[in-house]
Each structure stands twice: as C-alpha cells, then as structure tokens.
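Quick notes on the structure that follows.
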Amino acid sequence: MDKLEAFLEWGGVKKDICCLVISGIALIISIFDLIPLPFDAAWIAIVLCGIPIILEAIIGLVTAFDIKADVLVSIALIASVIIGEDFAAGEVAFIMQLGALLEDLTVAKARAGIEKLVHLTPQTARRLLDGREEIIAAELVNVGDILRVLPGETIPVDGEIIAGETSINQSVMTGESLPVDKGVGDSVSSGTVNQFGGFEMRTARVGEDSSIQRMIRLVQSADAGKAKIVGLADRWATWIVVIALTAAALTWLVTGQIIRAVTILVVFCPCALVLATPTAIMAAIGNATKHGFLVRQGDALERLAGVSRITFDKTGTLTCGKPRVVRVQSMLPQLSDTDLYRLCGAAEQFSEHPLGKAVVACFREKHGDLPNAEAFQMIPGRGVSAVVDEKHILAGNLELLREQGAMPDAEIIQETEYFLSRGCTVIYVAVDGVPAGFLALSDTLRQESAPMIRCLHDLGAEPVLLTGDRETAAAAIAQQLHIQEVHANCLPEDKLNYIKAYQQEHRQVCMIGDGINDAPALKAADVGIAMGGVGSDIAVDAADIVLVDDEIRELPHLIALSKRMMQTIKLNMTFSMTLNFLAITLAVIGTLNPVVGALVHNAGSVLVITNSAFLLKRSRK
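In terms of this note's numbering, the sequence shown opens at residue 1 and continues consecutively.
Below you can see the structure in the form of structure tokens.
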C-alpha cells in the first residue's frame, strides 16, 4: 500500500492539472464525436481521473476501513462502465478530481517559520575565563559562565548583567520596537539584540531552557495541536454509501431491474456535495485577495466564520509601530517649544536610537532642516550629549540629567506624569546644565483602528488586546478603542496561554499580530492573521491569512465574507442533498435512466458552482 500511495502522490499538483486538462479535452471529443477513435474518448478521463479515485478508495478501506466520498464515487464509476455509460463515468471522474484539485489548491504549502526561528539563535558566544576572552560555540555555554556581549550582537543565552549599561531590542520577545535600557542587575534574554553599549553577563539559562528555544517549542506544539476541518462530503460519506447501496439493492430485489439499481448509484454520486465546499472557498479566497488578504490555509475562512473573540497585538497592528512626537513642552521663558524641539532634534540627529531617529524625522517633517551638532556623544542607556548653536544639550532619561547635575524640578516632573500615565516615552532636555523641558513620544493609533473595532462589535466579535507593552500604554490604547479586555506585559508564552484559555472555554479565537513574538499565538489560534507589510517573515509563516498591505480596515469585510461563505456552503449542501434524494426517488420508480440521471447530477454541480461564484463579487458594506 505504501508503494501505491507513493505512486498516486507522484507528480503532485502539476500532474493533477495535466490529467484534468487532457481529460477535459477527451470528454469534449467524446460528447461531440470530434475525432474518430477506435474507443470512446471518455475512457481517457476514466483512466486518468477515475482510476486514482478507485485506488484511493481501496487504500482507505484496506488500511483503516475509512469510508469517504471516493468510495461512493468509485461505485458510481464502476456501475456506469458496467451499463456502457462511458461518458457518464468519465464525467463523474473529471468533476470529482476537479473538486479535489480545488481543495488541494487551497491548502497551505509547507512553511519555514520554525527554521527561521532556529536561525535567530546565535551560534557563538564570547566567554570570559581567567581574564581572557574566548569565542566558543553557544551550545558549550554553561550556567554561571561570564559572557561579554558587544554592540550589535545577539545575546546567546539568558542571564543577568553584571557590568555595563546598554539598550536591548526585545522585539523578538515582546513585539515592542523601542529598545529597553538595561544596567547591572537586569535580566536579558537569548535572541534579543544588544544595540549600543557592551556589557558582561552571568549565564542563568542555556540550551533548551533559553527563551528563544522555548519559543521554538511553543510554535511547534501550537502547530501540532491545530485540528484540520474535514470536508462535508467526507463527513457524511459513510451514511451516503449505506443509503445508496441499500436503496439500489432493495430496488433490484423488488423490481428485478438492474438498470434502476445502477441508475440510483449514478445519481447518488455526490459531485455537487463535493464541490459545495471547495468552490465556495475558492470564490471567497478570490474576493479576499481583491481586498488585500492572502489566504494560506484553505479552511481558514471556514474557521474564521465561527470566531467569537479576536485578539490583537498592539504595536504595528492597531498602531503604526513607530514612535512620534506628540508633545513638546519648554519650561524656560526664553525658549519656545519650537526652539526646544529644534535643539533636541539637532542633538539627536547622529543618534542610532529609535527614539532619537523619531525626534529627527518628526521635526524635519514639520519644520524642515536642523542645525549642525558638534561634540556628539552617545551615552548607552541614558541618552545623548551634543553642542548646538554653542549651547550644550543633554537629551535622554532622568538618570542622564541627574548624573550631569541637571535634574528637572518638581514642575517638570509633574508635567510629564500625565504623558507617562498615557503610555508615552519622555525625553528630558537640559540646555547648558539647566533643565529646559521635555518631549513626549508615543506610538500612534492607525486612523482606521477605531472604526474597524466598532465594525467587529457589530459582527458579534469581541476584541481583546494582548501586548508586550507596559500596562499604562496598553490601557491608553484600549481606552481610545473601547476595548474592554486588556492583557499587558505579555511574553510569547503568555499570549499563547490566553489563546488556549479561551479555547478551553469553547470559544473560537482569531489572533492578529505582526512580530516574531506573536508566532506561537498565531499558530495556536483557530485563525491566525499576520500583518504582511510591517510583519516579520516568521509571523507571516505562522499565520493562516496574511494582510498583505496592512489595511486593517478590511478585517470586518473578511469576517463578514467568511460568514457569507459558510451560508453559501450550507445552501449548496442542502440543495445538492435535496437534488440527490429527489433523483434517487425518480430512479426508484423508473422515471430516470442512467443518462438522464448523470445530466441531473451534473446540472446540480453547475448550479453549485454558479451560486459559489456570487461570492467573488461580494463587496464591503
């Protein structure tokens, strides 16, 4: 059986497409008798499309007694050939293989997200031993070893800083783009990036216990636990086979007419039922594509229709993902807000820190060019120092100004408390050793986020905020968007645990994120949607659906489309089953012959495809 399965899988989708094209041409030749052949051209379709169906049915029955739609199709094929209806047999085989191809085309290909995560793990480490520095393989690092990490290097293991100060980019763990200042006594995680200052650290967790390795395991376990939805035809195949065989047998016994029994088997072939799901999914995927969504999992839309809770990452998803200056406040009468802004921007123009770059970019966007800065100095974990217009400028955190003897007074501290409570980051500025004021920076909401959240409420989906950011920043964003449930300071495993908790409550969950830290949650959620424009490759690989252009306002349309798709599938299914039972009744009483029966179920297939096609033109209201 293994060899037979390998034979059927040989050639993949390309082989299936070639067989379908050849079979379609053969059926056209057969019905119109275009080319004189020594045999009915429909036999080409029977061989190319029908034999694989029969072999798959045999494999399923022999290996696991698994009765699926292909068993009933095989019976219909054989019955049609027995009574000499070669075209009907070839047509049934063609339609069934077309349905199978549509399903295959909607299934995501193998993804490389886990491999990319593995590549994030540093291969080497700088170990200090007896006053000497040696470069060793990262897997040879032991708990308690002293390591040195230089600017720009990825931290190889989890540990604690014992010397030095720096800023760490923790986006791989928290999703937040702004680096975090670290000093002696602070913990650091493997996979995060040291941006500015060198430091020494004592190793705390290595190997499989490190943060990056734990994330890899989370992604793997989440992927393994996501169940796949079985096609409608396969779910009901056992009962359909039993009903069809019973009806055919009883008809033969009562009437003594084999032709009636065979006709029952032909009309009961579930072509329309098999096509009900994949045609609707393909049409919905086509519609979603026009609205900027790349559907990577064929059944993702089916799952999305049942979602009752949508969890959002904050940074880069609901917000723009880049800090902007939201307030400039001068505390000196002789210095205007614009003058303070100008001096701070000039001092920061050589900074590599994201906050410094944001100040420069925002100033130039609004006010134009900046003056030159001299004697620039980057102070890791503190801020910058520079001379602008013959004035000595300090711009950074409170520790910088305190160390330089320019500690802001109570008035400035009080003014900044409001912005800190709103989740802003504050840059304090001193001019010639005198506290001069501050700049407040914040990640700003996307303009479309608020109306999008309102639409989700109208669709019956409850939004939840899951973010690695601070509680104050998370609460401020949630308040603006009227999101009731907020979870801040979330690490990757925290987001994953919240997703699993909702699922244990029998709630279907959709996760929307953009960062590496979102990958486990994207995998575990019933549906994962990644922001393709700003999102990381790993997040995209972990998701079922990708929002290519980051137009998050289209999300309500996608959810409404998924619900409409399920309505279409249920309508298709109801129609096809009703048609089949009507046809079998007519076949039992002798009104339908095999040829007319084949036309009836083919007409059902055409109507199902036509109904599904309406999904292509469904627009956002």
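Backbone N, C-alpha and C fix where the C-beta goes; we use that ideal spot for every residue, glycine too.
Whole angstroms is fine: what's the gap from residue i's alpha carbon to residue j's?
i, j, result
"Phe199", "Val149", "6 Å"
"Arg111", "Val540", "Note that Arg111 scores a pLDDT of 41, beneath 50, so its modelled location is shaky; the value from the coordinates is reported in the next line. Near 10 Å, if we compare the C-alpha coordinates of Val540 and Arg111."
"Leu301", "Ser74", "30 Å"
"Ile477", "Ile427", "21 Å"
"Ala587", "Leu48", "29 Å"
"Glu85", "Gly50", "14 Å"
"Gly604", "Leu579", "7 Å"
"Val230", "Ile569", "Its pLDDT being 46, under 50, Val230 is placed unreliably by the model, and the measurement read from it follows with that caveat. Distance between the alpha carbons of Val230 and Ile569 is about 14 Å."
"Cys19", "Ala283", "23 Å"
"Ser385", "His457", "49 Å"
"Leu294", "Ile281", "13 Å"
"Val307", "Arg507", "7 Å"
"Phe614", "Asn287", "10 Å"
"Val206", "Val157", "6 Å"
"Ile240", "Leu275", "16 Å"
"Leu465", "Thr317", "11 Å"
"Ala45", "Gly90", "5 Å"
"Phe94", "Arg309", "41 Å"
"Glu505", "Ala461", "15 Å"
"Thr106", "Leu558", "For Thr106, the predicted model reports a pLDDT of 48, less than 50, meaning its position is unreliable and no value from the coordinates is stated."
"Ile285", "Leu616", "8 Å"
"Val527", "Pro492", "17 Å"
"Ala430", "Thr166", "22 Å"
"Ile28", "Val81", "18 Å"
"Glu134", "His353", "29 Å"
"Lys228", "Thr279", "Note on Lys228: pLDDT 45, under 50, position unreliable in the model; the coordinate value appears next. For Lys228 and Thr279, the distance between alpha carbons rounds to 18 Å."
"Ala248", "Val267", "11 Å"
"Ala108", "Val13", "At Ala108, the pLDDT of 38 sits below 50, so the modelled position is not reliable; the number obtained from the coordinates is stated separately. Approximately 13 Å, taken between the alpha carbons."
"Asp432", "Ile413", "19 Å"
"Ser330", "Ala163", "36 Å"
"Ala224", "Ala26", "Because Ala224 carries a pLDDT of 44, less than 50, the predicted location of this residue cannot be relied on, and the following value inherits that uncertainty. Taking the straight line joining both Cα atoms gives about 42 Å."
"Val359", "Ile168", "19 Å"
"Lys226", "Tyr498", "Confidence in Lys226 is poor, its pLDDT being 48 and thus under 50, which makes the residue's placement too unreliable to answer from."
"Leu400", "Gly515", "31 Å"
"Thr311", "Ala521", "9 Å"
"Leu370", "Gly345", "7 Å"
From the options, pick the residue whose C-alpha is nearest to that of residue i; which is it?
i, options, result
"Ile83", "Thr246, Trp43, Val262", "Val262"
"Ala100", "Val180, Ser330, Ile17, Gly604", "Ile17"
"Ser336", "Leu439, Ala276, Gln414", "Leu439"
"Ser562", "Leu459, Asp339, Gly191", "Leu459"
"Ala450", "Pro520, Asp549, Leu547, Pro556", "Pro556"
"Asp518", "Asp494, Glu505, Ala501, Gln504", "Asp494"
"Asn572", "Arg422, Ile264, Thr277", "Thr277"
"Lys289", "Asp550, Ile22, Glu417, Val596", "According to the sequence as given, residue 289 is Thr; it is not Lys. It is Asp550 whose Cα lies nearest to the Cα of Thr289."
Write down the C-beta distance between residue i and residue j rounded to the nearest angstrom, noting that I regard them as a contact closer than 8 Å.
i, j, result
"Ile53", "Asp70", "5 Å"
"Ala305", "Met511", "So it is not a contact: roughly 16 Å between Cβ atoms."
"Ala488", "Gly513", "Their Cβ separation, rounded to whole angstroms, is 15 Å, which puts Ala488 and Gly513 out of contact at 8 Å."
"Gly159", "Thr203", "5 Å"
What does residue i pair with, by DSSP beta-bridge criteria?
i, result
"Asn194", "Ile168"
"Pro463", "Ile310"
"Cys510", "Ile310, Val527"
"Lys391", "Val388"
"His487", "Leu466"
"Arg378", "The sequence shown places Met at residue 378, rather than the Arg named in the question. For Met378, which the question treats as bridged, DSSP gives the partners Val384."
"Val180", "Ile168"
"Ala163", "Glu200"
"Thr154", "Val193"
Please report the residue range of the beta strand (DSSP E) in which residue i lies.
i, result
"Met531", "527-531"
"Phe293", "293-295"
"Lys523", "Lys523 -> not in any beta strand (DSSP E); alpha helix (DSSP H) instead, spanning 519-524."
"Phe199", "199-205"
"Asp186", "Careful: Asp186 lies outside any beta strand (DSSP E) and carries neither H nor E."
"Asp687", "No answer is possible for residue 687: it lies beyond the span of the chain, which begins at 1 and ends at 621."
"Leu547", "545-547"
"Ile427", "425-431"
What residue does the alpha helix (DSSP H) around residue i start on, and which one ends it?
i, result
"Pro408", "Where Pro408 is concerned, there is no enclosing alpha helix (DSSP H), given that its DSSP letter is neither H nor E."
"Lys570", "555-588"
"Lys322", "Not the alpha helix (DSSP H): Lys322 falls in the beta strand (DSSP E), residues 319-330."
"Gln503", "492-504"
"Arg622", "Given a span of 1 to 621 for the chain in the structure shown, any question on residue 622 remains unanswerable."
"Arg303", "300-304"
"Leu27", "12-32"
"Glu365", "354-367"
"Leu340", "337-348"
"Thr315", "Element bounds for Thr315: n/a, residue is neither H nor E."
"Ala137", "Per DSSP, Ala137 belongs to no alpha helix (DSSP H); it is in the beta strand (DSSP E), 132-137."
When every heavy atom of the ligand SAM is checked, does at least one fall within less than 7 Å of the C-beta of residue i?
i, result
"His557", "The ligand SAM is not part of this structure, which contains no ligands at all."
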